[in-house]
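A.B. asks: By UniProt numbering, the letter at position 55 of the sequence shown is numbered 55, and the numbering carries on one by one without gaps.
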Amino acid sequence: MSKKRKLPGGVDVVKVGDKIISLDGYLSKKSKPATKEEASTSTDTAQPAPSTTGSNGTGNEAKQKERDGTSKPLAKKPLNPSRWQKPRGTSGDGSGEYLKSRRELPLWNYQDEIRRVLRERDVLVVVGETGSGKSTQVPQFLYCEDWCQRRKVEVDDKEVFVGGMIAITQPRRVAATTLAYRVSREMGTPLNAQKNGGDSGSPALGNHQRGLVGYSVRFDHQVPRGTRVKFVTEGMLLQDLLRDPNLRQYSAIIIDEIHERSVDVDLLSGFLKQVLSGDKAGRGGVPLKVIIMSATADIGGIRRFFSDARDEETAIPSGESETESTHSGVEVLKIEGRQYPVDIIYSPKAVPDLQEALLKTIFKIHLHEPLPGDILAFLTGQEEIESVQKLIEEYAATLASNMPKVKVFPLFGQLSIEAQHEAFKPVKAAFTRKIVLATNIAETSVTVPGIRYVVDCGKAKVKEFRSRLGMESLLAKAISKSSATQRAGRAGRESAGKCYRLYTEETFDGLQPTDLPEILRNDVLGAVLTMKARGIDDVLSFPLMDRPSIESLEKALIHLHFLGAISGDGTITEMGRKMAFFPVSAPLGRVLLAAADPRYDCVLEVIDIIACITAGDDIFHQLQTEEVKEEVEEYRKELYRREGDLLTYLTTMQHYAAENSDRVGWCRQRRINVRNMRQAMNIRRQLRGLCMREKMLAEAPPPDPQPFAPIPPSQAETVVKCFMKGFALKTAMLAPDSSYITAHGKHVVAIHPSSVLHGQKKEAIMFLDHVFTQKNYAKKVSVIQANWIAEAFEED
1 MSKKRKLPGG VDVVKVGDKI ISLDGYLSKK SKPATKEEAS TSTDTAQPAP STTGSNGTGN
61 EAKQKERDGT SKPLAKKPLN PSRWQKPRGT SGDGSGEYLK SRRELPLWNY QDEIRRVLRE
121 RDVLVVVGET GSGKSTQVPQ FLYCEDWCQR RKVEVDDKEV FVGGMIAITQ PRRVAATTLA
181 YRVSREMGTP LNAQKNGGDS GSPALGNHQR GLVGYSVRFD HQVPRGTRVK FVTEGMLLQD
241 LLRDPNLRQY SAIIIDEIHE RSVDVDLLSG FLKQVLSGDK AGRGGVPLKV IIMSATADIG
301 GIRRFFSDAR DEETAIPSGE SETESTHSGV EVLKIEGRQY PVDIIYSPKA VPDLQEALLK
361 TIFKIHLHEP LPGDILAFLT GQEEIESVQK LIEEYAATLA SNMPKVKVFP LFGQLSIEAQ
421 HEAFKPVKAA FTRKIVLATN IAETSVTVPG IRYVVDCGKA KVKEFRSRLG MESLLAKAIS
481 KSSATQRAGR AGRESAGKCY RLYTEETFDG LQPTDLPEIL RNDVLGAVLT MKARGIDDVL
541 SFPLMDRPSI ESLEKALIHL HFLGAISGDG TITEMGRKMA FFPVSAPLGR VLLAAADPRY
601 DCVLEVIDII ACITAGDDIF HQLQTEEVKE EVEEYRKELY RREGDLLTYL TTMQHYAAEN
661 SDRVGWCRQR RINVRNMRQA MNIRRQLRGL CMREKMLAEA PPPDPQPFAP IPPSQAETVV
721 KCFMKGFALK TAMLAPDSSY ITAHGKHVVA IHPSSVLHGQ KKEAIMFLDH VFTQKNYAKK
781 VSVIQANWIA EAFEED
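1) Let me know if D704 comes out buried or exposed under the rule of 16 or more other beta-carbons within 10 Å of its beta-carbon.
2) Tell me the rounded alpha-carbon separation between K730 and A764.
3) Quick check on S184: does DSSP put it in helix, strand or coil?
4) By DSSP, does R577 sit in helix, in strand, or in coil?
5) Specify whether the stretch 332-352 and the stretch 494-501 touch according to this definition: at least 3 beta carbon pairs, one from each stretch, less than 8 Å apart.
6) Report yes or no: do three or more beta-carbon pairs, one from the stretch 300-307 and one from the stretch 519-528, lie closer than 8 Å?
7) Going along the chain, which residues of its own chain have a beta-carbon closer than 7 Å to the beta-carbon of I299, five neighbours each way excluded?
8) Taking contact to mean at least 3 C-beta pairs separated by less than 8 Å, is the stretch 134-154 in contact with the stretch 370-388?
9) Throw me the rounded Cβ distance for the A611 and R684 pair, which I believe falls under 8 Å.
10) Could you tell me if E518 is buried or exposed, where buried requires 16 or more neighbouring beta carbons within 10 angstroms of its beta carbon?
11) Do C457 and L511 have their C-beta atoms within less than 8 Å of each other?
12) I need the DSSP call for E443, collapsed to helix, strand or coil.
13) Distance, Cα to Cα, R670 vs K637?
14) Assuming V591 contacts F723 (C-beta within less than 8 Å), just tell me the rounded distance between them.
15) Report yes if the C-beta distance between H770 and V749 is below 8 Å; otherwise report no.
16) Whose C-beta lies closer than 6 Å to the C-beta of I789 among residues of the same chain, with five residues either side of it excluded?
17) Mark Q420 as exposed unless 16 or more other C-beta atoms lie within 10 angstroms of its C-beta, in which case mark it buried.
18) Residue range of the beta strand (DSSP E) that A252 falls in?
19) Determine, using beta carbons only, whether F219 and N682 come nearer to each other than 8 Å.
20) So, are the CB atoms of I607 and Y649 less than 8 Å apart?
21) Taking all protein chains shown into account, do 16 or more other C-beta atoms lie within 10 angstroms of the C-beta of T571, making it buried, or fewer, making it exposed?
22) When the Cα of E494 is compared with those of V719, P139, P341, which residue comes out closest?
23) Can you tell me the Cβ-Cβ gap for R452 and A491, rounded? I've got them flagged as a contact below 8 Å.
24) Threshold first: 4 residues or longer. Then list the alpha helix (DSSP H) segments lying entirely within the stretch 105-182, N to C.
25) On the premise that V213 lies in contact with N246, defined as a C-beta separation below 8 Å, what is that separation, rounded to the nearest angstrom?
26) Do you know whose CA, among Q140, E551, D279, K477, lies nearest S184's CA?
27) Between V408 and the rest of its own chain, which residues show a CB-CB distance below 7 Å, the 5 nearest in sequence each way excluded?
28) In this structure, does DSSP put A315 in helix, strand or coil?
29) DSSP state of D266, grouped into three classes?
30) Roughly how many angstroms separate the alpha carbons of E634 and Y640, rounded to a whole number?
31) Where do the ends of the alpha helix (DSSP H) carrying H655 lie?
32) According to DSSP, is M471 helix, strand or coil?
33) Have a look at R675, K775, T530 and flag the residue whose alpha-carbon is nearest the alpha-carbon of L238.
34) Going along the chain, which residues of its own chain have a beta-carbon closer than 6 Å to the beta-carbon of Y98, five neighbours each way excluded?
35) Return the residue from the list R116, S755, K762 that minimises the CA-CA distance to I741.
36) Quick one: residues in its chain with C-beta nearer than 7 Å to the C-beta of S738, no 5 flanking neighbours on either side, listed in chain order?
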């Protein structure tokens, strides 16, 4: 339990766990107001926008602008909008409350300009600062346009339907689902009323309202009949492209948050450029409209990419709005957002313990800042978030009755959609402050209402592919200035706010201006597989905004050849096509396909393992003290398998699924992550359905719960061999000095302390993941025999 007390002189301290934290004099008293860009964020949900005047950029604010590279707002006075008209096919404008907030958004005054541009051209780039409402409003402005209606055309002497739907991509599923729920309410068709065949169930809405809004993310789809606006993750739109290279179901594609430059968004941009420059015969002559949306003004490269390189870019005046155009059909519309001032408060010195500093800052805000005013704290990952959540809740239990209560919500990518949405809801209890603990998914796309205070740890987990080692690592690294700006902006969406940076001003000055595009630092295995599945023979000539190194592309091609996804001449195989459609990585897709082979016949077992390893950081909580270890290990003994981690995951899932009385209690007793197990069950259900549709299962699995039956050693060996078909390149042999040397690359690895095989010496091991800390650790480890490695490389 935590205890609050006073030091001599009246200084507040709190005891949380084994830490005594003083709340006095930790943060610098010097604060700096954030500039508009410092406080700006990317695409936003529709929130009421304040009417404020811009800053004159003097004093500290001018210094901050110079430091952050901010500039004056880009937009001029917009065109006067025409009288808002009710969209065809709807019964109303949504509630009066939503319509009022929509009209207050800066983008509202640009709707005529957006419609005009897209009637004349096929590509529009929209640059909108914080509060502009790009994500929620642009699709609503467009879905009733004549060019956006479904039409019958002739393609290859056949009549087909083209268009009728707008897809709007998001880099993360929490953004896609949250925005879909918001827009569905603005349009009067709540998603929760459309889950069964799209019927709203409300006489007031009427049947013609069904299916206006939907979403599609990995392992969760809600796309009712007649959907006109569909929010999707970038990966899901790539799946659509594989099924239909001409994207015939869509009239327009909106690429949102392009400034984040994920691998998937770079791939999408390349494919869309090909569709735009093609002869449109596959769409029956119907053009595809492409809208690119960014929160940053640095879009020169994006504009050039979508322009015809033979045309020289020129600025063409367009009314009173600031719209730039190119002869090749690309226009750029720049919209000024509205942002309340945000004071930036730096740490006066380097922080030795980030968790302690973060707790101290949150406690200090809660003790000294008034309500209303919720807190958003940025951390690096799920494990850290859950640890801090527990400590804050311990602290909250000791608060005096005259102090506001505290309600803590986690927000990270592997949370269930229902749990993610909880962070966006107002706290129902009176006299209560909401504290949201989030990863960088809260930087952009969506807005958590009520936030006045942001605590920024200055780090984020970043994937980096080490092509020399052929390994990808996930490390906590310093964020960029751009990310710091986005984080600070979260505090100024609804009123003046404060951002507490747990790093010094000098540290901020030394940050990189922007993040490196993912395609330059990530493994491109999945990207190359997608290109091959899409029919791209020469991946080196595929149009990309930034081209990965030749070395990384070559390694990806070699890896795909080992997996059987491409043949010796580089063409995609039937197996590769199937792998590209699975909602898992290429190696795991290969394992799933092998599991359906009669030689292995272990599809259900493989699904259970994949569900556990893709549900979150880890289903097992780390045991911090010897006392806890001794207590919990007694319960975990029934789960541990001598074959290693994969069989341990399988046994855990089978026990969990068999539990029919109290799954939460069962998890807590064994220190297993309840959230991750629930997500694993969802993934398990989705993968089982997928394998049934693909005829990889002879019959439907029996419903849960089923009595637990341990897998015999012979079948356990078969399951591990099946995983070797996807991970034979991640194997290592025991060396004379008791270290492990990888079979591919000859690098030294050690078994991670979290593995059930830690401290054991085995002839050979296979591992699915690795992490670089003090040394190169192998994670998700299984025991293998050395001769299995050669067997895995044999042709099927």
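Beta carbons are placed, not taken as given, at the ideal position from N, Cα and C, and that holds for glycine.
C.D. replies: Looking at the coordinates:
1) exposed
2) As the crow flies, the alpha-carbon of K730 is around 11 Å from that of A764.
3) S184: helix per DSSP, three-state reduction.
4) Here R577 sits in helix by DSSP.
5) yes
6) no
7) Close CB contacts of I299 within its chain, under the 7 Å cut and outside five residues either way in sequence, are with V125, V127, V332 (chain order).
8) no
9) About 4 Å separates the beta carbons of A611 and R684, which is inside the 8 Å limit, making them a contact pair.
10) buried
11) Against a cut-off of 8 Å, the Cβ pair of L511 and C457 comes out as no contact.
12) DSSP, read as helix, strand or coil, puts E443 in coil.
13) 10 Å
14) 5 Å
15) yes
16) A728, T731, A743
17) With 16 or more other Cβ atoms within 10 Å, it is buried.
18) 250-255
19) yes
20) One thing to note: I607 has its Cβ no nearer than 8 Å to the Cβ of Y649.
21) exposed
22) P341
23) R452 to A491, Cβ: 6 Å. Contact.
24) 111-120, 134-142
25) N246 to V213, Cβ: 24 Å. No contact.
26) Nearest neighbour of S184 by Cα position, chosen from Q140, E551, D279, K477, turns out to be Q140.
27) Q389, I392, E393, I435, L437
28) With a pLDDT of 33 at A315, under the threshold of 50, the modelled position of that residue is not reliable, and no figure is offered here.
29) Three-state result, D266: helix.
30) Roughly 11 Å separates the two Cα atoms.
31) 645-658
32) strand
33) T530
34) The beta carbon of Y98 is closer than 6 Å to those of E186 in its chain, skipping five residues each way along the sequence.
35) K762
36) For S738, where only same-chain residues beyond five positions count, the Cβ hits under 7 Å are K761.
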